[in-house]
Amino acid sequence: MQNVLKLRRVDPGGILHATDALLGGVTKWTVLGDNVIGAWGWREVDLDQQYRAVTHGAGAFIASAMCYLEVSGSDAGALLDALSPRKVSDLPLGSARFVLFTTPAGTVDEEAVVVRTGPEEFLLSCGGGKEPGWLRRTAEFFTEVSILPSEVFSFNIKGPKRLQAVQSLVEDADRGVIADLRNFQSCQVRTLVGGQARVLRSVIGYEVWASAEVLAAVWRQLVTERPEITPCGWELLTIYRMECRDITFGLFPVDVHIGTTLFEIGAGWMLSDDHDNRDYIGRDGLLKSRGSQRLWLAGLHAADPKAGCPLVGDEVLDDSGGFLGYVTSAAPSPREGRVLAFAHLAPDCQPGAVVHAAGSRWQVSTIPFPALPTAP
Numbered sequence: 001m002q003n004v005l006k007l008r009r010v011d012p013g014g015i016l017h018a019t020d021a022l023l024g025g026v027t028k029w030t031v032l033g034d035n036v037i038g039a040w041g042w043r044e045v046d047l048d049q050q051y052r053a054v055t056h057g058a059g060a061f062i063a064s065a066m067c068y069l070e071v072s073g074s075d076a077g078a079l080l081d082a083l084s085p086r087k088v089s090d091l092p093l094g095s096a097r098f099v100l101f102t103t104p105a106g107t108v109d110e111e112a113v114v115v116r117t118g119p120e121e122f123l124l125s126c127g128g129g130k131e132p133g134w135l136r137r138t139a140e141f142f143t144e145v146s147i148l149p150s151e152v153f154s155f156n157i158k159g160p161k162r163l164q165a166v167q168s169l170v171e172d173a174d175r176g177v178i179a180d181l182r183n184f185q186s187c188q189v190r191t192l193v194g195g196q197a198r199v200l201r202s203v204i205g206y207e208v209w210a211s212a213e214v215l216a217a218v219w220r221q222l223v224t225e226r227p228e229i230t231p232c233g234w235e236l237l238t239i240y241r242m243e244c245r246d247i248t249f250g251l252f253p254v255d256v257h258i259g260t261t262l263f264e265i266g267a268g269w270m271l272s273d274d275h276d277n278r279d280y281i282g283r284d285g286l287l288k289s290r291g292s293q294r295l296w297l298a299g300l301h302a303a304d305p306k307a308g309c310p311l312v313g314d315e316v317l318d319d320s321g322g323f324l325g326y327v328t329s330a331a332p333s334p335r336e337g338r339v340l341a342f343a344h345l346a347p348d349c350q351p352g353a354v355v356h357a358a359g360s361r362w363q364v365s366t367i368p369f370p371a372l373p374t375a376p
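Here the UniProt record's numbering is used: the first residue of the sequence shown is 1, the next is one more, and so on.
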């Protein structure tokens, strides 16, 4: 445990250390890019328990390993607008947006949730665990802007009882305010362990943002005093991503990365209404890529319920052995009774096609996955 965590950049509030001790030790670690992002699972919380939590109760996920930044100053909104086709400078106070930052080629540089916490202040949680690649060099063109590592981190709660779960962690007076939040709105709350936090509602959960000290105390309370909330690891998160029907839950940098454009991953909707009149990093490259996608982010249903789980990078082939693409994520789905996967596929490989990967037959689907199609 100690040696593995030396590979991590930080462990805010000692959350990973504490959870390892409280839940009987980590089964193994999950690595994304060059970062130990979190625990695959814990010995004292079995996978079935975690799955029941996100399907019938509430499951909590540590997110402290992401890169958290504070961008402030009168030019902060303009700077962030210059990095993405999706504006954030028009966000109301307390509101948030999910943003994909782009490279000069128009591909995805990084993903982030951006929260406006003040008239001239934004908080970013970058899912890839790094700053947007063009943040600092673009900031040189602005005079009134500051970029600092944030002292705020987060965990999130998913599942049908997520509202009641997050309310159980804050004072009574703040519970109604949380209930009134709409998607991508946030509010300041007082936690039961003392200290302030911010609760953000997303499409699929509630996020608790706080200083490392406060967040660690709230998380410890969750683990030790809230049996109705189950700590969940990355193994369960992969299953959740496959089964999620509310959003396309792609993951940076496997399903989404520096080689994919917004149009190729189904995120073309993210272009702001005024994108034709506003310059930003990658604008020309992104607009040129419209209608000329090299791939698309697809779903794969295993035709055989007994088929094994393919590995990231496994080739997807047609009946004659021709290359169609590769698997980017996969997990066994308890709901569907078979393995589901995401894949980057050639544009001419359309939903309904039967393909081959990892020695098994698969049916191509759009994502989020609809109800299980008839097996081919």
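By construction, the Cβ of each residue, glycine as well, lies at the ideal position given by its N, Cα and C atoms.
Secondary structure at glutamine 196: strand, using DSSP grouped into helix, strand and coil.
In terms of Cβ geometry, glycine 299 and alanine 358 do not form a close pair [threshold 8 Å]. In the DSSP assignment, valine 166 forms no beta bridge with any residue. Cα atoms of phenylalanine 323 and leucine 317: separation of roughly 5 Å, rounded to the nearest angstrom. Residue range 47-56 is occupied by the alpha helix (DSSP H) that includes valine 54.
DSSP lists no beta-bridge partner residue for leucine 222. Out of Glu121, Leu251 and Asp319, the CA that lies nearest to the CA of isoleucine 37 is found in Leu251. Counted as a single uninterrupted DSSP element, the stretch harbouring alanine 303 is not any alpha helix (DSSP H), since DSSP gives it neither H nor E.
Within the model, the alpha-carbon separation for leucine 16 versus tryptophan 42 is close to 11 Å. When C-beta atoms of the region 284-303 are compared with those of the region 207-224, fewer than three pairs fall below 8 Å, so the two segments do not count as touching. Assignment of alpha helix (DSSP H) within the region 68-112, counting only whole runs of 4 or more residues, yields 76-81 in chain order.
Contact annotation, serine 329 with valine 254: C-beta distance approximately 6 Å; criterion of less than 8 Å satisfied. Here leucine 181 carries a coil assignment [DSSP, helix/strand/coil]. Take glutamate 243, set aside five residues on each side of it, and the residues of its chain with a beta-carbon closer than 6 Å to its own are Ser333 and Arg335, in chain order. Contact between the region 145-160 and the region 173-188 is absent: fewer than 3 CB-CB pairs across the two stretches fall below 8 Å. Residue range 323-333 is occupied by the beta strand (DSSP E) that includes tyrosine 326.
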